[in-house]
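Following this line, the structure appears as C-alpha cells:
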C-alpha cells in the first residue's frame, strides 16, 4: 500500500472525447508526475507538477494537460482522444527536493474505441 | 537527454537459478539509476536505486545491482529466484533534484519456471 490512489481504475471512451483521470498523492508529498504505459512498453513521462505548476514535460502534445490542487491531488486531462491514447496511466508522488522515493499508484486503464 | 536500453525483452529462468537482467543507459549529465518491478495489473514498486557512493546496491527481495560508469550499465541480479519473482522489471534514470522524473526502458519480462 503506497498511499497513492488513482481513480477510476478502468475507463472506456470514444475517439474524440475528453477524459479526466485523478490521483491522490501520498500524504506530505509536494510533487506529482504522470506516466503513460502502452501495452508491452515501459512508462513514458508525460509531465510533472510541483506547487501547482508544471515542472517538466515529456514528448506529449498540448492536448495532454494537468492540474495540481493545494491538497496535492492532481488531474490528468486528455482532449480529442485518439486510439493510441489507450494505455495504463500511472501517477507518482514524491518530494522534489533531495533523493526521496517516488510512490506509484496502481494506475487507470484507459481504452479508447 | 537520457535513454535506457533493456537488452532482453523476455528472460525465462528455472526456480532457484541465478538471473541477470541487463540495462544500459545514455546521458550527457549525471543521473540516478533505478530498478522497478511491476506485477500484473499493479503499479510500480521500487527494487533499488543508485544515487552515489558504492557501485554495488542492494535492494528488496534479495536483488542487487551494480553501477558501471565506464560501460554505462546497471544490471540487476539475483542469486536464486523464486516463483514469486515472475513479473515485469523496468530500469529507469532520472536527473538529480527533478523530483523523480523518470525515463524508463521497455522492460524485461522475467518468468520463473518451476
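Chains as they are written, first to last, in this note's numbering: chain A, 1 to 113; chain B, 1001 to 1114. Here a beta-carbon is modelled for each residue, glycine too, at the ideal position from N, C-alpha and C.
Are the C-beta atoms of residue i and some chain B residue less than 9 Å apart?
i                      : result
residue 87 of chain A  : no
residue 72 of chain A  : no
residue 110 of chain A : no
residue 55 of chain A  : yes
residue 90 of chain A  : yes
Could you give the residue range of the beta strand (DSSP E) that holds residue i?
i                       : result
residue 12 of chain A   : 10 to 13
residue 56 of chain A   : 53 to 57
residue 90 of chain A   : 87 to 94
residue 41 of chain A   : From DSSP, residue 41 of chain A is part of no beta strand (DSSP E); its letter is neither H nor E.
residue 83 of chain A   : No beta strand (DSSP E) contains residue 83 of chain A, which DSSP labels as neither H nor E.
residue 6 of chain A    : 5 to 7
residue 1048 of chain B : 1044 to 1050
residue 1088 of chain B : 1087 to 1094
Distance check for residue j and residue i, CA to CA, integer angstroms please.
i                       : j                       : result
residue 1035 of chain B : residue 30 of chain A   : 23 Å
residue 1078 of chain B : residue 1105 of chain B : 19 Å
residue 108 of chain A  : residue 32 of chain A   : 15 Å
residue 1070 of chain B : residue 1027 of chain B : 12 Å
residue 1080 of chain B : residue 34 of chain A   : 34 Å
residue 1031 of chain B : residue 48 of chain A   : 18 Å
residue 106 of chain A  : residue 23 of chain A   : 10 Å
residue 1059 of chain B : residue 1048 of chain B : 5 Å
residue 1029 of chain B : residue 1094 of chain B : 10 Å
residue 26 of chain A   : residue 11 of chain A   : 23 Å
residue 39 of chain A   : residue 1016 of chain B : 29 Å
residue 55 of chain A   : residue 44 of chain A   : 16 Å
residue 1091 of chain B : residue 1019 of chain B : 15 Å
residue 1089 of chain B : residue 104 of chain A  : 15 Å
residue 1045 of chain B : residue 1099 of chain B : 17 Å
residue 93 of chain A   : residue 68 of chain A   : 11 Å
residue 1068 of chain B : residue 21 of chain A   : 39 Å
Answer yes or no: does any C-beta atom of chain A fall closer than 9 Å to that of residue i?
i                       : result
residue 1024 of chain B : no
residue 1004 of chain B : yes
residue 1065 of chain B : no
residue 1044 of chain B : yes
residue 1104 of chain B : yes
residue 1061 of chain B : no
residue 1107 of chain B : yes
Put residue i into one of helix, strand or coil per three-state DSSP.
i                       : result
residue 77 of chain A   : strand
residue 1024 of chain B : strand
residue 33 of chain A   : strand
residue 1068 of chain B : strand
residue 66 of chain A   : strand
residue 1056 of chain B : strand
residue 24 of chain A   : strand
residue 1073 of chain B : strand
With DSSP as the reference, identify every bridge partner of residue i, one or two as the case may be.
i                       : result
residue 1113 of chain B : B:1014
residue 1002 of chain B : B:1027
residue 1037 of chain B : B:1045, B:1089
residue 104 of chain A  : A:92
residue 112 of chain A  : A:13
Report whether the distance from the Cβ of residue i to the nearest heavy atom of the ligand NAD is below 8 Å.
i                       : result
residue 1072 of chain B : Judged by which ligands are present, the structure shown has none, so any question about the ligand NAD falls away.
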